[in-house]
Amino acid sequence: MFILDTQIHMFLPNTPERPWPDIGESYNGKPESTPEQILPRMDELGIDAVAIVPAIWAGDDNGPALGWAAQHPGRFGVMGRFNLWDPDRERIERWFDDPFMRGIRMSYPDFRGRDWIDVDTFPWFWEAAERLGIPLMLLIYGPEVRKVAAIAERHPDLRLIVDHMGLIIGDPDTQDLWAHIDDIFPLVKYPNVYMKYSAIPDYTNEPYPYPSLTPTLRRVYEAYGPQRLMWASDTTRVRGATWRENLDHVRYTLDFLSEEDKVWMLGRTAATVLNWPRPEGGWEWERTGPGAAETAR
């Protein structure tokens, strides 16, 4: 089974030569995340490819991520950072000049505010992303998810991926992180909206395999279907699980998923939406005839 993890933060350490920006964002995780740490674990877990999401705390330079993708073609692609407030709007026209760029991940420091998700705040951006075929991953929370409807309706060919199913990021012991989950269901009617089934262990204080979450995860699955869901571990940020637990939760423990569902959610949906480069031998799901079903497993 082709497995594509659609969110791994990878970044260089904070050094005098390459300092992280002082943007008021705290980060208490790993000092760095590079291919030297990530690739051996990918091989161990059977993960074929990773979408690198450059970390907000390390700045807007996509160069290191694109360099790693070039060094390891087929294993990495980049959902790059894009500064909406930079006056050079024309750079979006060059977004795909680098063949390892797969799209844009929209996440911004708190001082930028939250009105960037309003369809009329940066209308030129949504128009350009749609015209150029740039998939967008949106880090939005709770009731903000409702604002996706206006973007999806005005730009029906723009692929919009809601990170973490729009769940609130916080402490599950003190907050109801799932309080606004119902806000994602009206978006089902927009076929260009996808949900990222991601970082799930961080949204509960329950140990693996998080059985209390199963009914809600099933609701999301039944509403969107596997062809509009993509898995991501967010393992370099998630603290509530190992990378293996994060993957095996979807791969083995959600009994409502068929093997074909897993093919979509663990790789095929993302490969399709992000225009992932087709392997030289073709995709496993393109094969037909005896043995094809077994190959997909």
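Residue numbers (the UniProt record's numbering): 1 to 297.
Every residue gets a Cβ at the ideal spot worked out from N, C-alpha and C, and that includes glycine.
**OP:** Mind checking who Phe-76 pairs with in its DSSP beta bridge?
**Re:** Mapped onto the sequence shown, residue 76 falls at position 76. Note: Phe-76 sits in a beta bridge opposite Val-50 and Pro-73.
Original post:
Per DSSP, Lys-196 forms a beta bridge with which residues?
Top reply: Here the question's residue 196 lines up with position 196 in the sequence shown. Met-230, per the DSSP bridge assignment.
Subject >> Within 8 Å, strictly: CB atoms of Trp-283 and Phe-76 >> reply: Sequence index remark: in the sequence shown, residue 283 carries index 283 (1-based). Sequence index remark: in the sequence shown, residue 76 carries index 76 (1-based). No. Outside cutoff.
**OP:** For Ala-70, count neighbouring C-beta atoms within 10 Å of its own C-beta (all shown protein chains included) and say buried if the count is 16 or more, exposed if not.
**Re:** By 1-based counting over the sequence shown, the position of residue 70 is 70. Flag for Ala-70 reads exposed.
Original post:
With a CB to CB cut of under 6 Å and the five nearest residues on each side skipped, what residues in its chain are close to Ile-47?
Top reply: Stepping through the sequence shown from its first residue, residue 47 is reached at position 47. Correct list, in chain order: Ile-3 and Asp-5.
Original post:
What residue does the beta strand (DSSP E) around Thr-216 start on, and which one ends it?
Top reply: Stepping through the sequence shown from its first residue, residue 216 is reached at position 216. No beta strand (DSSP E) contains Thr-216, which is instead part of the alpha helix (DSSP H) from 214-224.
**OP:** Name the one or two DSSP bridge partners that Ile-104 has.
**Re:** One-based indexing of the sequence shown puts residue 104 at position 104. According to DSSP, Ile-104 bridges with Gly-80 and Leu-136.
Original post:
Are His-72 and Leu-39 close, meaning C-beta to C-beta below 8 Å?
Top reply: For this step, residue 72 is matched to residue 72 along the sequence shown. For this step, residue 39 is matched to residue 39 along the sequence shown. For His-72 and Leu-39, yes; Cβs fall inside 8 Å.
Original post:
Taking all protein chains shown into account, do 16 or more other C-beta atoms lie within 10 angstroms of the C-beta of Lys-196, making it buried, or fewer, making it exposed?
Top reply: Within the sequence shown, residue 196 is the residue found at index 196, counting from 1. Buried, since its Cβ has 16 or more Cβ neighbours within 10 Å.
Original post:
Quick one: Cα of Val-220 to Cα of Phe-185, how far?
Top reply: Within the sequence shown, residue 220 is the residue found at index 220, counting from 1. Within the sequence shown, residue 185 is the residue found at index 185, counting from 1. Roughly 8 Å separates the two Cα atoms.
Subject >> CB contact flag (residue 298, His-9, <8 Å) >> reply: Since the displayed the chain opens at 1 and closes at 297, residue 298 lies outside it and no answer follows.
Subject >> Extent of the continuous beta strand (DSSP E) to which Ile-161 belongs >> reply: By 1-based counting over the sequence shown, the position of residue 161 is 161. Counting along the chain, the beta strand (DSSP E) containing Ile-161 begins and ends at 160-162.
Subject >> Length of the line joining the Cα atoms of Trp-124 and Arg-89 >> reply: Along the sequence shown, one-based indexing puts residue 124 at 124. Along the sequence shown, one-based indexing puts residue 89 at 89. Taking the straight line from one Cα to the other gives about 9 Å.
Original post:
How long is the line joining the alpha carbons of His-180 and Glu-280, rounded to whole angstroms?
Top reply: Taking the first residue of the sequence shown as position 1, residue 180 is located at position 180. Taking the first residue of the sequence shown as position 1, residue 280 is located at position 280. Taking the straight line from one Cα to the other gives about 43 Å.
Original post:
When the Cα of Trp-85 is compared with those of Ala-65, Met-101, Phe-111 and Gly-67, which residue comes out closest?
Top reply: Counting from one through the sequence shown, the residue named residue 85 turns up at place 85. Of Ala-65, Met-101, Phe-111 and Gly-67, the residue nearest in Cα terms is Phe-111.
Subject >> Through-space distance from Pro-226 to Ala-293, alpha-carbon basis >> reply: On the sequence shown, position 293 is the one that residue 293 refers to. On the sequence shown, position 226 is the one that residue 226 refers to. In this prediction, Ala-293 scores a pLDDT of 45, lower than 50, which makes its location untrustworthy; no coordinate-derived value is stated.
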